[in-house]
Amino acid sequence: QQQVKQSPQSLIVQKGGISIINCAYENTAFDYFPWYQQFPGKGPALLIAIRPDVSEKKEGRFTISFNKSAKQFSLHIMDSQPGDSATYFCAASGSSNTGKLIFGQGTTLQVKP
Amino acid sequence: GAVVSQHPSWVICKSGTSVKIECRSLDFQATTMFWYRQFPKQSLMLMATSNEGSKATYEQGVEKDKFLINHASLTLSTLTVTSAHPEDSSFYICSASGGSRNYGYTFGSGTRLTVV
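As you go down the protein sequences, you meet chains Y and W in turn. Using this note's numbering, the first residue of the first sequence is number 84, and each one after it goes up by one. Using this note's numbering, the first residue of the second sequence is number 47, and each one after it goes up by one.
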């Protein structure tokens, strides 16, 4: 019930294309859903986050779509650039787990020039 | 913005020795800090949660006597890997939260530990 399942494991997109990464959760007590970007040898950096009271949030080229009934959320990267090539993690937390972040398995994105 | 400094960024130590990793919140008070471990091409696995002035809460399967966590102030938490062995070699990452549910979590840059 604490799991967050992320797909796909890897993704190759052409420059200018749209990258889509999906996550699903089980615990309905989760109320905070962030996405992180991680480059090799670095810590994760917050990209964008959403709470379940909205269905979509957009920041620049990054958009989170949230489907509360389906317990799914996704990250869309518009106009993908080679500099976006990194590993992306979704995560979830809620008051029921004392604020701990539960991470998805990660998606390695490669944007080809 | 919120900044978390983690030091050292990499360390090599001999088997049997201990290594200390520091995690500092530079511009906010971190009431809660989290320590993660990440193996190559894998996700972050939470090791423990520490609240300032309290004993850390360890996740199942994490040896608390091997991974000592101290959170003595609102800006500093340390992770000490005691009697390190090659299997402890990993990427260790800390994260700090300001305590508000709206604050989010800020991650350090990680420490690459290699035990030889």
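For every residue, glycine included, the Cβ atom is placed at its ideal position computed from N, Cα and C.
Taking 8 Å as the limit between beta carbons, can you name the residues of its chain near residue i, skipping five residues before and five after?
i             : result
residue 157/W : 52, 53, 54, 55, 56, 57, 67, 137, 138 and 139
residue 137/Y : 149
residue 127/Y : 119, 120, 121 and 172
For residue i, which residues from the same chain have a beta carbon less than 7 Å from its beta carbon, with the 5 sequence-adjacent residues on both sides left out?
i             : result
residue 87/Y  : 106, 108, 173, 174, 175, 185, 186 and 187
residue 164/Y : 98 and 194
residue 152/Y : none
residue 134/W : 127, 159 and 161
Would you kindly work out how many angstroms separate the C-alpha atoms of residue i and residue j, rounded to a whole number?
i             : j             : result
residue 111/W : residue 95/W  : 15 Å
residue 166/Y : residue 123/Y : 13 Å
residue 60/W  : residue 131/W : 8 Å
residue 74/W  : residue 98/W  : 13 Å
residue 110/Y : residue 100/W : 27 Å
residue 170/Y : residue 115/W : 28 Å
residue 48/W  : residue 76/W  : 10 Å
residue 119/W : residue 104/W : 19 Å
residue 117/Y : residue 156/Y : 10 Å
Would residue i be called buried (16 or more neighbouring beta carbons within 10 Å of its own) or exposed?
i             : result
residue 127/W : buried
residue 83/W  : buried
residue 102/Y : buried
residue 85/W  : exposed
residue 182/Y : buried
residue 196/Y : exposed
residue 107/W : exposed
residue 152/W : buried
Give me, in chain order, the residues of the same chain whose beta-carbon lies closer than 6 Å to that of residue i; leave out the 5 immediate sequence neighbours on both sides.
i             : result
residue 123/W : 69, 79, 96 and 117
residue 71/W  : 50, 121 and 142
residue 147/W : Annotation note: pLDDT 47 at residue 147/W (below 50); position unreliable, coordinate value reported separately. Within the same chain, residue 147/W has no close Cβ partners at all.
residue 146/Y : 159
Would a C-beta distance cut-off of 8 Å place residue i and residue j closer than the cut-off?
i             : j             : result
residue 115/Y : residue 130/Y : no
residue 85/Y  : residue 190/Y : no
residue 144/Y : residue 160/Y : yes
residue 192/Y : residue 94/Y  : yes
residue 93/W  : residue 113/W : yes
residue 150/W : residue 132/Y : yes
residue 129/W : residue 64/W  : yes
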